[in-house]
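This report concerns only the one structure given below.
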Amino acid sequence: SGYLESAHKTFERIEKSKLNAFITLNKAQALETAQAVDEGKVTGRLAGITVAIKDCITTKGLQTTCGSKILQGYIPPFDAEVVARLRKEGAVITGKANMDEFAMGTSTENSAYGPTRNPWDLTRVPGGSSGGSAAAVAGLESRMSLGTDTGGSVRCPAAFCGVVGIKPTYGLVSRYGVVAYANSLEQVGPIARNVGDAALLLDVIAGGDPKDSTSVAEADKVCYTDYLKEDVKGLTIGVPKEYFSEGMDKKVERAVWDGIQKLAELGADYKEISLPTTKYALSAYYIIAMCEASSNLARFDGLRYGLRTGKDENWHTTFSRIRAEGFGPEVKRRIMLGTYALSEGYYGKYYLKALQIRTLIRNDFANAFKDVDVIAAPTMPTPAFKIGEKADDPLSMYLADVNTLPVNLAGVPSISIPCGFAGKLPIGMQLIGDLFAEPLLIQTAYTFE
Ligand code: GLN
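Quick note on numbering: the sequence shown equals residues 4 to 452 in the UniProt record's numbering.
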């Protein structure tokens, strides 16, 4: 009992908040669910627990904008599979979390609904693209949240906001009802204040789904919360030298090494390893992601849903006008670059090459995991940067993703956990595992609780 009262308090906090973590609130329905939990009418593993949902994850009857003006007013007639699973377990859905438009970004500044602020320092970004999801959890505006991670978008904001974020193995979680940015890379992932909550949320959302042909049933036979035990004895931790790049912040480097040291004190071994094709990951990722985005975003024409401006003349002017007005600059940049890279004559030069690099990166990880159990590295090369600092320089924004992108290209899982501070700014360390090694990652991460 007491869930209704606590939900009320959460909404009071949200309504007074300076974070701008939400685009749309789900207050009436959330309070109704919390009350039903108090009355014993709703039960489940998440009964009464507040969860924020990234706004690119479809929610029945609740506006879903993807942080874009083009989808303003779009109210989906169905739930994403992950949302259906949350509801079945009695979760109290607080609202739709702010994000970079269509998940394109590393700071949540690319939202048509204004930037989200970092709860540790309001002048700084919360990371992105799931910045609203991480800020809501760190700012006590929801106990847990869902983000999506195409190239770091769960782990980056988790690191910048001092919370835990998991990017699951590709296929572990259904993408049904997740608005696609780059299908071959993305996964929905949990964000929470501790590893226990993250494991519980993963347990609820993971599992095979006939509505997503890329999903696998692997999770159906695993209970992730069974691995909340402190035992790292005999594990070998690999520390990839390529993930400690030159431009990296010294405090981040130190905090991550402190984390590795802690694992060593508890009985793990560590050694330096090399993932030699890491240097090509950024270029390959941005080509693949932009190609997929240019194709996926063709469906947003304003005719089927969302923004409709002025009077219709002919198909071409209506279509172009709506897209010109509805998409922000970063989305337009990516549609154009992706279309270019896929066009005849360039396809082999860019897209095909990027796919070949992707295989090399996957092989790097496969080789590494013959030798080590878990890879430890900084999640981000720096702590949270200032709002506006990189906003006019897309390349420097892309560069911030160097350590997170390879994981998505390889399809492997990774968890970001807090490992220290630079001043008042939290620092995140990521633990990367082989395909479906979530249990081992959760167990290793639990050491830090
Ligand atoms: N920053 C990366 C990008 O903009 C990753 C985003 C994401 O994971 N959705 O593509």
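In this text, a Cβ means the ideal position worked out from N, Cα and C, and glycines have one as well.
All values reported here derive from a predicted model rather than from experimental measurement.
Per-residue burial, residue i [other beta carbons within 10 Å of its own, 16 or more giving buried]
{"i": "Glu84", "result": "buried"}
{"i": "Lys393", "result": "buried"}
{"i": "Thr97", "result": "buried"}
{"i": "Ile78", "result": "exposed"}
{"i": "Asp396", "result": "exposed"}
{"i": "Leu306", "result": "exposed"}
{"i": "Glu92", "result": "buried"}
{"i": "Ala387", "result": "buried"}
{"i": "Ser277", "result": "exposed"}
{"i": "Thr217", "result": "exposed"}
{"i": "Gly5", "result": "exposed"}
{"i": "Leu355", "result": "exposed"}
{"i": "Asn317", "result": "exposed"}
{"i": "Tyr349", "result": "exposed"}
{"i": "Gly250", "result": "exposed"}
{"i": "Thr320", "result": "exposed"}
C-beta contact flag for residue i and residue j at 8 Å
{"i": "Ala222", "j": "Leu188", "result": "no"}
{"i": "Pro384", "j": "Asn366", "result": "no"}
{"i": "Thr151", "j": "Gly135", "result": "no"}
{"i": "Thr172", "j": "Phe368", "result": "no"}
{"i": "Ile52", "j": "Val95", "result": "yes"}
{"i": "Ser148", "j": "Val54", "result": "yes"}
{"i": "Val242", "j": "Leu269", "result": "no"}
{"i": "Asp124", "j": "Lys373", "result": "no"}
{"i": "Phe81", "j": "Gly180", "result": "yes"}
{"i": "Cys422", "j": "Ala344", "result": "no"}
{"i": "residue 2", "j": "Phe105", "result": "No answer is possible for residue 2: the residues shown for the chain start at 4 and end at 452."}
{"i": "Ile445", "j": "Ala202", "result": "yes"}
{"i": "Gly341", "j": "Ala371", "result": "no"}
{"i": "Ser110", "j": "Met400", "result": "yes"}
{"i": "Phe14", "j": "Asn101", "result": "no"}
beta-carbon residue i near ligand 1 non-hydrogen atom, thresh 7 Å
{"i": "Gly154", "result": "yes"}
{"i": "Met107", "result": "yes"}
{"i": "Tyr6", "result": "no"}
{"i": "Tyr184", "result": "yes"}
{"i": "Ala413", "result": "no"}
{"i": "Asp395", "result": "no"}
{"i": "Ser286", "result": "no"}
{"i": "Ser136", "result": "no"}
{"i": "Thr68", "result": "no"}
{"i": "Ala292", "result": "yes"}
{"i": "Asp404", "result": "yes"}
{"i": "Thr151", "result": "yes"}
{"i": "Ser132", "result": "yes"}
Nearest candidate by alpha-carbon position, reference residue i, set the options
{"i": "Tyr273", "options": "Leu238, Lys314, Lys254, Thr172", "result": "Leu238"}
{"i": "Thr62", "options": "Ala39, Met339, Arg88, His319", "result": "Arg88"}
{"i": "Ile169", "options": "Leu269, Ser218, Gly414, Asn299", "result": "Gly414"}
{"i": "Ala10", "options": "Gly250, Arg361, Lys21, Ala33", "result": "Ala33"}
{"i": "Phe303", "options": "Phe322, Ile290, Asn29", "result": "Phe322"}
{"i": "Ser20", "options": "Gly250, Ser110, Ser145", "result": "Ser145"}
{"i": "Lys265", "options": "Ala296, Thr450, Ala39", "result": "Thr450"}
{"i": "Ala195", "options": "Thr153, Val140, Lys99, Thr281", "result": "Val140"}
At a cut of 8 Å, does the region 71-79 reach the region 28-47 through at least three beta carbon pairs? No, the region 71-79 is not in contact with the region 28-47.
With a threshold of 8 Å, are at least 3 pairs of Cβ atoms found where one atom belongs to the region 143-159 and the other to the region 395-411? A contact between stretches requires three or more CB pairs, one per stretch, nearer than 8 Å, and the region 143-159 meets this requirement with the region 395-411.
Are at least three pairs of beta-carbons, each pair with one atom in the region 322-334 and one in the region 279-286, less than 8 Å apart? no
Taking three-plus beta-carbon pairs below 8 Å as touching, is the region 372-388 in contact with the region 294-312? Cβ pair count under 8 Å is below three, so no.
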